[in-house]
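Residue numbers (the UniProt record's numbering), protein chains in the order written: chain A, 1 to 259; chain B, 1 to 321.
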């Protein structure tokens with residue numbers, strides 16, 4: 001007699017055809033549409049100017065020198081180090097030498113930064129508008145329906161996740177309401193998009209927005225002062241201990257070949 | 001010999017391979033890369049992959065090299081319709097096509113002027129910059145090419161290809177110091193490139209084949225190349241050659257107590273050099289034997305290299321006899 005009572009709800013088969021399927025199809029199609037809309041909205045990455053390229057690559061050259069210094073002979077390394085350190089300290093490779101030592105301008109007034117923000121806004125809009133519309137659509141037409149039963153049992157904690165919009169206390173957790181189905185598809189369709197659109201699609205921006213929380217973490221983000229980067233690189237070079245990798249290579253090679 | 005693959009062709013293509021590659025042109029050209037359907041349907045039925053265009057680009061290069069200009073034109077048209085004539089790479093590829101068709105210096109000058117125009121509009125187009133330098137080189141204006149290349153590496157000092165090219169140009173004018181400097185830059189970018197090590201060694205050797213410090217450096221760089229790749233024929237060849245030159249010099253200088261180090265590079269011990277020479281000889285012999293034992297084109301070595309190695313070994317054998 002310990003068997004719990006199995007709830008049975010007789011659902012109209014039309015619920016499947018007229019609610020479950022439409023919501024799923026609409027969600028998949030919006031995702032695809034959003035992907036192509038994002039492609040259309042994307043502006044081509046702005047070309048960097050020559051001095052900026054030079055500034056960035058000169059810094060990379062300094063880093064390369066520091067990382068791979070051991071291929072150089074001591075004399076050649078000292079010469080390079082002296083040149084790079086003095087050039088870095090003088091700010092020879094700066095894209096804007098006259099802006100040296102001045103505080104960085106407000107990113108809000110920088111047109112390049114504004115453009116990046118606009119791009120982010122566009123992405124957010126492309127995500128938010130369809131979401132609002134579809135949610136409104138579902139709320140207006142399908143709210144309060146129980147549309148499917150999961151084939152496996154779940155703990156009661158899932159109740160709020162699976163039965164939003166259906167205010168019954170005793171309903172088994174396995175029943176899923178239409179609004180919850182919408183949320184499930186909203187967050188769970190990424191693999192489907194990956195299958196249809198390829199892996200780096202922009203159909204589902206939820207994950208991308210999370211990644212965007214930390215922008216400009218790259219090598220030379222717009223917030224960083226290039227002059228400071230150069231100065232710190234010069235310091236790094238100055239304290240570098242140089243070891244020549246070709247020192248004693250003959251014996252190393254002989255030992256290796258003999259082994 | 002590397003298998004002729006259009007998607008990832010070997011970095012150095014011998015003439016036969018280039019011919020094999022360009023003979024694939026009719027096959028690639030016979031199938032349309034993009035769908036012929038109208039716009040919305042073409043999105044669904046496109047057979048285009050990123051590899052398609054890599055294949056087209058490599059095929060274009062092979063066709064230009066083997067003089068198959070008609071095929072090259074067709075491929076170029078396809079690429080242009082796909083990417084537009086203003087695309088950075090397209091400008092460079094189109095220029096390359098025109099360079100290949102140029103009959104005399106006058107035509108080349110015209111291509112050169114086109115490049116100048118492109119660069120005036122967009123000075124950051126590195127591939128066109130490189131093409132411009134290539135034209136200067138084929139016009140025989142080495143000094144101008146060197147100047148242009150120094151401007152390029154000044155603006156883009158992380159470009160190993162440009163440094164290597166500059167080094168070659170300096171070497172062709174006999175400016176060994178500059179050539180070595182440029183190759184050291186290449187090494188700083190790619191510290192484990194054994195070919196770059198071998199090239200540095202070659203330059204040290206060429207710069208002075210009688211001074212102990214230069215030969216020591218050459219020996220060490222060759223040794224490093226061999227250490228990085230222990231089946232590197234050129235490394236062993238250089239190792240053997242340099243140690244043969246170095247040995248008599250070392251015994252001389254050890255006899256007449258060398259004056260205080262002019263360089264801070266200590267010369268290697270004669271015994272080590274002797275041993276290195278033996279190792280190189282043994283390895284070269286092994287490679288040559290393997291080459292003649294294996295089927296044609298199976299061992300991964302070029303015939304010319306093998307012939308040179310055999311000749312070096314023979315010379316050695318005659319001297320001993």
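Cβ coordinates follow ideal geometry from the N, Cα and C atoms, glycine included.
- Residue 184/B places its beta carbon 8 angstroms or farther from that of residue 50/A.
- Linking residue 205/B to residue 152/B through their CA atoms gives a straight-line distance of about 28 angstroms.
- Among the residues of the segment 241-253 of chain A, those with a Cβ less than 8 angstroms away from any Cβ of chain B are 245, 246, 249, 250, 251, 252, 253, in the order of the chain.
- Residue 7/B and residue 66/B do not touch by the CB rule: their CB atoms are close to 18 angstroms apart, not below 8 angstroms.
- What residue 227/B touches in chain A, judged by beta-carbon distance under 9 angstroms, is 249, 252, 253, 256, going in chain order.
- Excluding the 5 residues flanking it on each side, residue 96/B has same chain C-beta neighbours closer than 7 angstroms at 64, 131, in chain order.
- Look at residue 163/B here: in three-state DSSP terms it is helix.
- For residue 162/B against residue 197/B, the beta-carbon gap comes to about 19 angstroms, at or over 8 angstroms, which does not count as contact.
- In chain B, no part has a C-beta under 8 angstroms from the C-beta of residue 34/A; the shortest such distance is about 15 angstroms.
- Sorting 129/B, 82/B, 309/B, 249/B by C-alpha distance to the C-alpha of residue 270/B places 249/B at the top.
- When DSSP reads this structure, residue 149/A sits in a beta bridge with 175/A.
- For the 8 angstroms CB-CB criterion, residue 77/A and residue 234/A do not form a contact.
- DSSP, read as helix, strand or coil, puts residue 194/B in helix.
- When Cβ-Cβ separations below 8 angstroms define contact, residue 57/B makes no contact with chain A.
- Using beta-carbon distances, residue 58/A counts as an interface residue toward chain B, with a partner under 8 angstroms.
- Taking residue 92/B as reference, the option from 180/B, 68/B, 105/B, 133/B with the minimal CA-CA separation is 133/B.
- No Cβ-Cβ contact shorter than 8 angstroms links residue 180/A with residue 157/A.
- Contact annotation for residue 307/B against chain A: no contact, minimum CB-CB distance about 25 angstroms [criterion: below 7 angstroms].
- Taking residue 89/B as the centre and dropping the five residues before and after it, the same chain places the C-beta of 127 closer than 7 angstroms to its C-beta, in chain order.
- Straight-line measurement puts the Cα of residue 125/B at about 24 angstroms from the Cα of residue 63/A.
- In the structure shown, residue 174/B falls within a coil segment according to DSSP collapsed to helix, strand and coil.
- Looking from the CA of residue 185/A, the closest CA among 150/A, 165/A, 99/A, 23/A belongs to 23/A.
- Going by beta carbons, residue 197/A and residue 32/A fall inside the 8 angstroms limit.
- Fewer than three Cβ pairs drawn from the segment 135-155 of chain A and the segment 41-56 of chain A lie within less than 8 angstroms of each other, which leaves the two stretches out of contact.
- In terms of beta-carbon proximity, residue 25/A stays away from the interface with chain B, with every pair separated by 8 angstroms or more.
- Between the alpha carbons of residue 304/B and residue 164/B lies a gap of roughly 23 angstroms.
- Taken through DSSP and simplified to helix, strand or coil, residue 82/B comes out as helix.
- For residue 76/A, the chain B residues whose Cβ falls inside 9 angstroms of its Cβ are 180, 181, 184, in order along the chain.
- Counting of Cβ neighbours within 10 angstroms places residue 83/A among the exposed residues, the total staying below 16.
- Look at residue 160/A here: in three-state DSSP terms it is helix.
- Measuring C-alpha to C-alpha distances from residue 246/B to each of 229/B, 230/B, 219/B identifies 219/B as the nearest.
- Taking the Cα of residue 85/A as reference, the smallest distance to any Cα among 99/A, 154/A, 231/A is reached at 231/A.
- Ranked by Cα distance from residue 290/B, the first of 51/B, 119/B, 78/B, 233/B is 233/B.
- As the crow flies, the alpha-carbon of residue 167/B is around 32 angstroms from that of residue 76/B.
- Flagged as an interface residue toward chain A: residue 124/B, by a C-beta distance shorter than 8 angstroms.
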